[in-house]
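**Student:** One structure is given below, represented as structure tokens, and several questions about it will come after.
Chains as they are written, first to last, in my numbering: chain G, 1 to 393; chain B, 394 to 782.
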């Protein structure tokens, strides 16, 4: 049996030539998300995309609800541009609505095809009357109906839909390029990654593994976080960078109060190397202003000065409660709170510097870590392709 | 590939091949439900009966005093909730120790919420219960006392004979439960000789399977069931019998009990070597819990101040050596050991503690390899962790 899905996308940023680019990328992302499902085609008409499926409608709807750029997806029905046909399709749709337990409805019609003989309110009235007559158990409620039956009269056909799943909105992945995400396993960085993705950025997560100071459970936690993010992009390529030697070299250099700053600077440098390899043009961190000592303005300045890529910090002005709320909604919170230390928390200085002087930092850091160590660490990175586990979601 | 040296036998053990074989036979051939009336069911019932005798034999108890459960946690829950409920009309006071397993402590916390008063007895620096505190805590209102046999983190053996005397004297009305999960079949424990009413045990600590345990309930004592249903185990523990698990537990108990003297001697030798070499060769290392050979032969807690136990654990893992910080159950939480804290160890010893727990399958070579690795790792980690301090 053929199924039709109507996918709607936001109109933000769709001016002129960009629109074509936007739509093409969105369609590509939808195709990726639907890989392995029986799709017979994706077509577009003015601000709408239609997916035709030969089955597995619910699975397709679920996967599309994770595609950035889409604001809503609905199972839809088509009918010839003929009032009798439209009424028949409407009755069919509302019988389903009653079966699903709904009891009040209204009809809303849009008529981009001005050659259709009746005007929108007339179509709504006519179709509503037919439904009332033929579908027992359904009443009209124009103010707060449980079900809104939408009818769109297009050039070729009429489309009807009444159910919808919200999409994540935002821009299709990739239209803004690619960035490296510094992923720690904590609450913040996955949320930062998701927010960056929602603006069309493809992400390449990087995790710093400091065995035995951090355990393999901590790494597993990051893999699980990536699996959640992969819902939104089918696959992520996680870089696990061995960090023990660098961390040890830093500790040997003294300056306890600057350890976290040193650590963050090293991470930035390593992430920038991965960015160069991956064609990424920005770094993303989960930093939020003032949350910890390494997230004061002087600290942020001292960490970002070692790279010449823009450092994006989507959470910079969000407070912790808001970040937690978003992490819970995203489904990463429960993973992030597993009690395994990451490499920043094993050696927390007793009195971390909150106002590091950049010149002093650079001077004290000089010579601590041999450049070969950095090159070696990137070369020895374990690269894990992580795909979505749709079954488990 | 580094060889695996498994020194975490108090977390769980590898199942003995003879036990696996016996369980396979039950699963593939003798797979009936003991409650079925045909012959295959009867054969399964016989297998369960045999296992019950094997467990009872270790306790010098009657088979009818053994009730199979899903493990130590269920046995502890059932014993404590059941005993408290059975005696709640006679008093509201309960006594236990600060160093019990979470499956005992959490039950007492829940009983506190239900209106009972609980005394948590302190221990000394060796992890041994304070007898004076016990004597002082007992009142005519005391209805239940629960003390473990062997502590799972430091291997201290509770003085059950002394406790028995005190209870007989000062609170003869109180029921007495012993969590013997870490001592069962390894060390002698005869509940009837001591007047113990309830004893918990588990299969997977004695090279038997997981998901099986038992509760000894002294004949004549009635406690209400925790799990209701088809009336198995004389109506006290419903649910189709886990026949493969029961057979595995029975056989593992019988085998270990038979070999206990050689097994204990072998483990004691390894434990002594581990302790003596570590104390002699690693500066500032500290043995927690009972000194000399007074503790259980299979558990040794060692502290390496200046190193976080968690970090040392993973560094040893890299060498193929598997140990734990505290108990496996508390490793999911980021908190420090409640046992070492109750023993009033200084924070550096609590943070740097590792538990080594042995099985008869371990060898002296493995112990020597472990000490060699510690000698290599500990100074290096100390150096890194201590920098700038």
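Think of the CB as a built atom: it goes at the ideal place given N, C-alpha and C, for glycine as much as any other residue. Computed from a predicted model, the values in this text were never measured in an experiment.
Let me know the secondary structure DSSP gives residue 84 of chain G once reduced to three states.
**Tutor:** For the purposes of this step, residue 84 of chain G is identified with residue 84 of the first chain, where counting begins at 1. Helix at residue 84 of chain G.
**Student:** Could you work out which residue in G:274, G:60, G:328 and G:19 is closest to residue 37 of chain G when comparing CA atoms only?
**Tutor:** Within the first chain, the letter at position 37 stands for residue 37 of chain G. Among G:274, G:60, G:328 and G:19, the Cα nearest to that of residue 37 of chain G belongs to G:60.
**Student:** Are any of the Cβ atoms in chain G nearer than 8 Å to that of residue 711 of chain B?
**Tutor:** Working through the second chain from its first residue, we reach residue 711 of chain B at position 318. Interface residue, yes.
**Student:** Compare the beta carbon distance of residue 611 of chain B and residue 460 of chain B with 8 Å and say whether it is the shorter of the two.
**Tutor:** Against the second chain, residue 611 of chain B aligns to sequence position 218. Against the second chain, residue 460 of chain B aligns to sequence position 67. The answer is no: Cβ separation not under 8 Å.
**Student:** For residue 400 of chain B, count the other beta carbons within 10 Å of its own beta carbon; 16 or more makes it buried, fewer makes it exposed. Which is it?
**Tutor:** Taking the first residue of the second chain as position 1, residue 400 of chain B is located at position 7. It is buried - the Cβ of residue 400 of chain B has at least 16 other Cβ atoms within 10 Å.
**Student:** Straight-line CA distance for residue 746 of chain B to residue 764 of chain B?
**Tutor:** On the second chain, residue 746 of chain B is found 353 positions in, with the first residue counted as 1. On the second chain, residue 764 of chain B is found 371 positions in, with the first residue counted as 1. Near 15 Å, if we compare the C-alpha coordinates of residue 764 of chain B and residue 746 of chain B.
**Student:** What's the gap between the Cα of residue 506 of chain B and the Cα of residue 329 of chain G?
**Tutor:** Position 113 of the second chain, counted from the start, is the residue given in the question as residue 506 of chain B. Position 329 of the first chain, counted from the start, is the residue given in the question as residue 329 of chain G. Cα to Cα, residue 506 of chain B sits roughly 33 Å from residue 329 of chain G.
**Student:** Check for me: the beta strand (DSSP E) holding residue 385 of chain G runs from which residue to which?
**Tutor:** Taking the first residue of the first chain as position 1, residue 385 of chain G is located at position 385. Counting along the chain, the beta strand (DSSP E) containing residue 385 of chain G begins and ends at 382 to 387.
**Student:** For residue 722 of chain B, would you say it is in contact with chain G, using Cβ-to-Cβ distances shorter than 8 Å as the test?
**Tutor:** By 1-based counting over the second chain, the position of residue 722 of chain B is 329. Model confidence at residue 722 of chain B stands at a pLDDT of 45, short of 50, so the residue's coordinates are unreliable and nothing is read from them.
**Student:** Since residue 777 of chain B meets chain G, which of its residues come closer than 9 Å, beta carbon to beta carbon?
**Tutor:** As a first step, residue 777 of chain B must be located in the second chain, where it is residue number 384. Correct list: 213, 247, 248, 251, 252 and 347.
**Student:** Quick check on the DSSP output: the beta strand (DSSP E) that includes residue 512 of chain B runs from which residue to which?
**Tutor:** To locate residue 512 of chain B, count along the second chain from 1; it is residue 119. Run containing residue 512 of chain B: 510 to 514, per the beta strand (DSSP E) assignment.
**Student:** If you draw a straight line from the C-alpha of residue 497 of chain B to the C-alpha of residue 762 of chain B, how long is it?
**Tutor:** By one-based count along the second chain, residue 497 of chain B stands at place 104. By one-based count along the second chain, residue 762 of chain B stands at place 369. Spanning the two alpha carbons is a distance of roughly 36 Å.
**Student:** Quick one: grab the DSSP three-state call for residue 150 of chain G.
**Tutor:** For this step, residue 150 of chain G is matched to residue 150 along the first chain. In the structure shown, residue 150 of chain G sits in a strand (DSSP, three-state: E or B).
**Student:** For chain G, find out if any of its Cβ atoms is closer than 8 Å to the Cβ of residue 708 of chain B; answer yes or no.
**Tutor:** Locating residue 708 of chain B in the second chain gives position 315, counting from the first residue. It does: the Cβ of residue 708 of chain B has a partner Cβ on chain G nearer than 8 Å.
**Student:** Sorted by chain position, which residues of the same chain lie with C-beta nearer than 6 Å to residue 85 of chain G's C-beta, five sequence neighbours on each side aside?
**Tutor:** On the first chain, residue 85 of chain G is found 85 positions in, with the first residue counted as 1. If we look at residue 85 of chain G and ignore the five residues flanking it on each side, its Cβ neighbours are 79.
**Student:** State yes or no: is the C-beta of residue 315 of chain G within less than 8 Å of the C-beta of residue 290 of chain G?
**Tutor:** Counting from 1 along the first chain, the entry for residue 315 of chain G is found at position 315. Counting from 1 along the first chain, the entry for residue 290 of chain G is found at position 290. Cβ distance not < 8 Å, so residue 315 of chain G and residue 290 of chain G don't count as in contact.
**Student:** Residue 248 of chain G lies in the alpha helix (DSSP H); which residues open and close that run?
**Tutor:** Within the first chain, residue 248 of chain G is the residue found at index 248, counting from 1. Segment 244 to 252, the alpha helix (DSSP H) holding residue 248 of chain G.
**Student:** So the beta strand (DSSP E) residue 53 of chain G belongs to, where does it begin and stop?
**Tutor:** Indexing the first chain from 1 puts residue 53 of chain G at position 53. Residues 48 to 53.
**Student:** Using the three-state DSSP reduction, which class does residue 603 of chain B fall into: helix, strand or coil?
**Tutor:** Indexing the second chain from 1 puts residue 603 of chain B at position 210. Residue 603 of chain B falls in the coil class under three-state DSSP.
**Student:** Which runs of the alpha helix (DSSP H) spanning at least 4 residues fall entirely within the stretch 69 to 138 of chain G, listed in chain order?
**Tutor:** Runs of the alpha helix (DSSP H) inside the stretch 69 to 138 of chain G: 83 to 99 and 120 to 134.
**Student:** How do the stretch 188 to 205 of chain G and the stretch 156 to 173 of chain G stand: do at least 3 beta-carbon pairs fall below 8 Å, yes or no?
**Tutor:** Cβ pair count under 8 Å is three or more, so yes.
**Student:** Buried or exposed, going by whether 16 or more other CB atoms sit within 10 Å of the CB of residue 397 of chain G?
**Tutor:** Only positions 1 to 393 of chain G appear in this structure, which leaves residue 397 of chain G out of reach.
**Student:** Would residue 725 of chain B pass as an interface residue toward chain G - the criterion being a Cβ-Cβ separation below 8 Å?
**Tutor:** Start at 1 with the first residue of the second chain, and residue 725 of chain B comes out as number 332. At residue 725 of chain B, the pLDDT of 47 sits below 50, so the modelled position is not reliable; the number obtained from the coordinates is stated separately. Output row for residue 725 of chain B: interface = yes.
**Student:** Buried or exposed, going by whether 16 or more other CB atoms sit within 10 Å of the CB of residue 63 of chain G?
**Tutor:** To locate residue 63 of chain G, count along the first chain from 1; it is residue 63. Looking at its Cβ environment, which holds 16 or more other Cβ atoms inside 10 Å, residue 63 of chain G is buried.
**Student:** Exposed or buried, residue 182 of chain G, counting other C-beta atoms within 10 Å across all chains shown (16 or more means buried)?
**Tutor:** The residue labelled residue 182 of chain G in the question sits at position 182 within the first chain. Result: buried.
**Student:** Using only the alpha-carbon positions, how far apart do residue 724 of chain B and residue 650 of chain B sit?
**Tutor:** The sequence position of residue 724 of chain B within the second chain is 331, counting from 1. The sequence position of residue 650 of chain B within the second chain is 257, counting from 1. Only weak support exists for where residue 724 of chain B lies, its pLDDT of 45 falling under 50; the value from the coordinates is given anyway. Those two C-alpha atoms are separated by around 30 Å.
**Student:** Based on DSSP bridge pairs, tell me the residues matched to residue 740 of chain B.
**Tutor:** Residue mapping note: residue 740 of chain B aligns to position 347 of the second chain, counting from 1. In DSSP, residue 740 of chain B forms no bridge with anything.
**Student:** Considering only the alpha carbon of each residue, which of B:609, B:754, B:773 and B:623 lies closest to residue 796 of chain B?
**Tutor:** The question about residue 796 of chain B has no answer here: the residues shown for chain B are numbered 394 through 782.
**Student:** In or out: residue 35 of chain G buried (at least 16 other Cβ within 10 Å) or exposed?
**Tutor:** Here the question's residue 35 of chain G lines up with position 35 in the first chain. Counting Cβ neighbours within 10 Å, residue 35 of chain G comes out exposed, since fewer than 16 surround it.
**Student:** Can you give me the start and stop residues for the alpha helix (DSSP H) that residue 220 of chain G sits inside?
**Tutor:** Start at 1 with the first residue of the first chain, and residue 220 of chain G comes out as number 220. Residue 220 of chain G -> alpha helix (DSSP H) spans 216 to 229.
**Student:** Does DSSP put residue 650 of chain B in a helix, in a strand, or in coil?
**Tutor:** For the purposes of this step, residue 650 of chain B is taken as residue 257 along the second chain, with counting starting at 1. Here residue 650 of chain B sits in helix by DSSP.
**Student:** Name the two residues that bound the continuous beta strand (DSSP E) containing residue 207 of chain G.
**Tutor:** Residue numbering aside, residue 207 of chain G sits at position 207 when the first chain is read from its first letter. Its beta strand (DSSP E) spans residues 201 to 209.
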